[in-house]
Structures are given as C-alpha cells and as structure tokens.
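The UniProt record's numbering numbers the first residue of the sequence shown as 1 and each following residue consecutively. This report refers to the structure that appears directly beneath it.
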Amino acid sequence: MTTKKKKKKEEEEEEEEEEKKEKKKKKKKKKKKKKRKRKKKKKKKKKKKKKKKKKKKREIVDDDD
C-alpha cells in the first residue's frame with residue numbers, strides 16, 4: 001500500500017468517527033430538549049391553577065362590596 005492510499009484511508013476513518021460522534025451528540029441533545037419541554041408544561045399547568053384561585057378570591061371580594 002502506498003503512503004497516499006494509507007493517508008486517504010486514515011482520513012476516511014477519522015471522518016466516519018467524527019460523524020458517529022456528531023450523531024450521538026444530536027441524539028443526546030434531542031433527549032435533553034424533550035425533558036425540558038415536559039418540565040415547562042408542568043410549570044404552565046401550575047401557573048394556570050394559581051390564576052384560577054386568584055380570580056375566585058376577587059369574585060368573593062366583589063360580592064361583599
């Protein structure tokens with residue numbers, strides 16, 4: 001095998017490894033995003049409940065007046 005061929009083969013192998021690493025990173029990122037989305041949804045639900053309670057209190061105060 002000539003040195004040129006060796007170099008080419010090595011470069012190809014390196015590229016393949018880099019691609020694999022990138023794919024793994026992308027997969028990890030996707031998982032993280034999903035977890036974040038779930039957390040955000042839960043927080044939103046809690047906020048909605050609090051808002052409803054506040055509205056009820058206001059209504060009661062209005063009735064007393």
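Note that CB positions come from ideal geometry on N, CA and C, so glycine has one too. Remember, predicted model here, so these are calculated numbers, not experimental data.
- Message: So, at 6 Å on beta carbons, what are the nonlocal neighbours of K9 in its own chain, with the 5 sequence-adjacent residues on each side left out?
- Response: none
- Where does T2 sit, in a helix, a strand or coil, going by DSSP? coil
- Pull up the distance between the alpha-carbon of K20 and that of E11, whole angstroms please. 14 Å
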